[in-house]
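Participant:
Numbering (the working numbering), first residue to last: 6 to 328.
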C-alpha cells in the first residue's frame, strides 16, 4: 500500500472573499516599493487531493462508505474561507488541511494547490484627480501567485507539513536589447546564428521554499515573501544584467532572491524561450525592428538554487547586491 498510487479530489474550486485582513509590515527591499498586500479581493482556484489506505475498498470494491463526495470537498473549502482569520494563501491551505483531516480521519494525507485569481486596482476621479478605486477592480490575465501544501496528521493529532512551496507562475517578460547568445557548439546540425544584442522574451515560473513553514502564514509579516516583491527582483536583474543566456539570467535572479530573503532555503525555476523572430531588421531613421511570434518548438530550462550556491564564494553576496 505504501508504494501504491491512490488519491482522488476536486479541481477548479474557485473561491473569492472580500476584505480579508491586510498583510502589512512586509520587509522593505531595495528592488520593490511593495510593503503590504491589501487583500481586498482574496481570489483563488483551489485543487484538493486526498489519500488514505482505508479508501482502497472504494477502488477495489466500489464501497463508498468512507468516501467524501468531491462536491462536499468543494463546499468544505467554500465554507472554511469564511472562517479563515489569516492573511496569506499558505495560511489558508494549512487551515483547510488541518480542518479536513480532523473532520475526515479516514484520510491519511491531503494535498492542496492554490492558484491566484488576480485583480488589479483601477482609477477613478476623486476630487478632480485620478486615484485608485477601492471598490472597482480589473480581472488580470497576467502572472499569478501559487502555493502548494502536502500534509498529514501526526501521532499527536496535529498537522504535519510534509512538503510546501510558494511561487509565481506565468510571468512573461520581454527585454528589447542587452541580451546575447553566442559561443555555443557549432556543428553540422547548427543553423542558429550567434546574436550579441537580441530581444529576449521569456516565460517564468518561480517557486521558493521557506526553512520554517510558519513564516509563510504571515504571522510575522517581515518574514513573508510576496510574489510582487519577487517579480520586482526579477525585473530589476533582467534590466541591469548583460544577459548571456536564459540560464545565466535565472541563476542571477535566484541568487538575488536568496540574498534578499534569508528565510528561504531554495528557489526553483521553470523557464521558456519565446523570443520573437525578426521580420524587418532595418527601418530608415529608426532604431526599431519588426518582429513576429516565434515558430515552434520552444526551448526551456529548469534550475534549482540553494543556499550552498550563495556560500560557494564569499564575494557572491556583494556582487549580486551591486547589480
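For glycine and all other residues, C-beta sits at the position ideal for the given N, C-alpha and C. For clarity, every value in this text was computed on a predicted model and none was experimentally measured.
1. Between the alpha carbons of residue 272 and residue 210, how many angstroms are there, rounded?
2. If you count every other CB in all the chains shown that lies within 10 Å of the CB of residue 320, and 16 or more means buried, which is it?
3. The beta strand (DSSP E) with residue 130 in it runs from where to where?
4. Just to confirm, is the Cβ distance from residue 304 to residue 246 under 9 Å?
5. Name the two residues that bound the continuous alpha helix (DSSP H) containing residue 17.
6. Nearest by alpha-carbon distance to residue 138: which of 150, 124 and 155 is it?
7. Buried or exposed for residue 265, please, with buried defined as at least 16 other CB atoms from any protein chain shown within 10 angstroms of its CB.
8. I need the boundaries of the alpha helix (DSSP H) containing residue 239, first residue and last residue.
9. For residue 290, would you say it is in contact with chain D, using Cβ-to-Cβ distances shorter than 9 Å as the test?
10. To the nearest angstrom, how far is it from the Cα of residue 33 to the Cα of residue 154?
11. Suppose the cutoff is 7 Å on Cβ atoms and the five residues either side in sequence are ignored; what does the same chain contact list for residue 102 look like?
12. Tell me whether residue 226 is buried or exposed, calling it buried when 16 or more other Cβ atoms sit within 10 Å of its Cβ.
13. Under DSSP, the beta strand (DSSP E) around residue 152 begins and ends at which residues?
14. Judging by CA-CA distance, which residue of 130, 229, 201 and 55 is the nearest neighbour of residue 13?
15. Residue 256: which of 269, 267, 276 and 268 sits nearest, CA to CA?
16. Straight-line CA distance for residue 66 to residue 60?
17. Judging by CA-CA distance, which residue of 141, 49, 29 and 202 is the nearest neighbour of residue 79?
18. Could you name the residues of the same chain whose beta carbon sits closer than 6 Å to that of residue 135, not counting the 5 residues immediately before and after it, in chain order?
19. Please classify residue 19: is it buried, with 16 or more other beta-carbons within 10 angstroms of its beta-carbon, or exposed?
20. Below 8 Å on the Cβ atoms is my contact criterion, and I expect residue 261 with residue 238 to pass it. Report the Cβ-Cβ distance as a whole number of Å.
21. Provide the residue span of the alpha helix (DSSP H) that contains residue 316, from first to last.
22. As a quick exercise: from 244, 217, 188 and 190, pick the residue whose alpha carbon is nearest that of residue 205.
23. Are the CB atoms of residue 100 and residue 81 nearer to each other than 9 Å?
24. Pick helix, strand or coil for residue 35, following the three-state DSSP scheme.
25. Going straight from the alpha carbon of residue 322 to that of residue 73, what length do you get?
26. Report the three-state DSSP secondary structure of residue 309 (helix, strand or coil).
27. Just how far apart, CA to CA, sit residue 315 and residue 219?
28. Identify, in the order they occur along the chain, each residue of the same chain with its Cβ nearer than 6 Å to the Cβ of residue 310, setting aside the five sequence neighbours on each side.
Facilitator: Working from what's here:
1. The C-alpha of residue 210 is placed about 11 Å away from the C-alpha of residue 272.
2. Because the pLDDT of residue 320 is 49, which lies under 50, any placement of that residue in the model is unreliable, and the number read from its coordinates should be weighed accordingly. Exposed.
3. Following the DSSP letters along the chain, one finds residue 130 inside the beta strand (DSSP E) bounded by residues 124-131.
4. Not closer than 9 Å, so no.
5. From DSSP, residue 17 is part of no alpha helix (DSSP H) but of the beta strand (DSSP E) over 13-23.
6. With distances taken between CA atoms, residue 138 lies nearest to 124 out of 150, 124 and 155.
7. Note on residue 265: 16 or more other CB atoms within 10 angstroms of its CB, so buried under the neighbour-count rule.
8. Its alpha helix (DSSP H) spans residues 232-245.
9. Among the chains in the structure shown there is no chain D, since it carries only a single protein chain.
10. When rounded, the distance between both Cα atoms is 27 Å.
11. Within the same chain, and ignoring the five residues on either side of residue 102 in sequence, the residues whose Cβ sits closer than 7 Å to its Cβ are 115, 117, 154, 156 and 164.
12. When all chains shown are included, residue 226 counts as buried.
13. DSSP places residue 152 in the uninterrupted beta strand (DSSP E) bounded by 149-158.
14. Check the Cα spacing between residue 13 and each of 130, 229, 201 and 55: the tightest is with 55.
15. Among 269, 267, 276 and 268, the Cα nearest to that of residue 256 is on 276.
16. Approximately 10 Å, taken between the alpha carbons.
17. Residue 49 is the option with its Cα nearest to residue 79.
18. Exclusion of the five residues before and after residue 135 leaves 128 as the residues of its chain whose Cβ lies within less than 6 Å of its Cβ.
19. Residue 19 comes out exposed.
20. In this structure residue 261 is in contact with residue 238, their Cβ atoms being roughly 5 Å apart against a cut-off of 8 Å.
21. Under the DSSP assignment, residue 316 falls in the alpha helix (DSSP H) whose first and last residues are 312-316.
22. Closest by alpha carbon: 244.
23. No, the Cβ-Cβ distance between residue 100 and residue 81 is not below 9 Å.
24. The answer is coil: DSSP assigns residue 35 none of H, G, I, E or B.
25. Note on residue 322: pLDDT 47, under 50, position unreliable in the model; no value is reported.
26. Taken through DSSP and simplified to helix, strand or coil, residue 309 comes out as strand.
27. The straight-line gap from Cα to Cα measures roughly 24 Å.
28. If we look at residue 310 and ignore the five residues flanking it on each side, its Cβ neighbours are 259 and 272.
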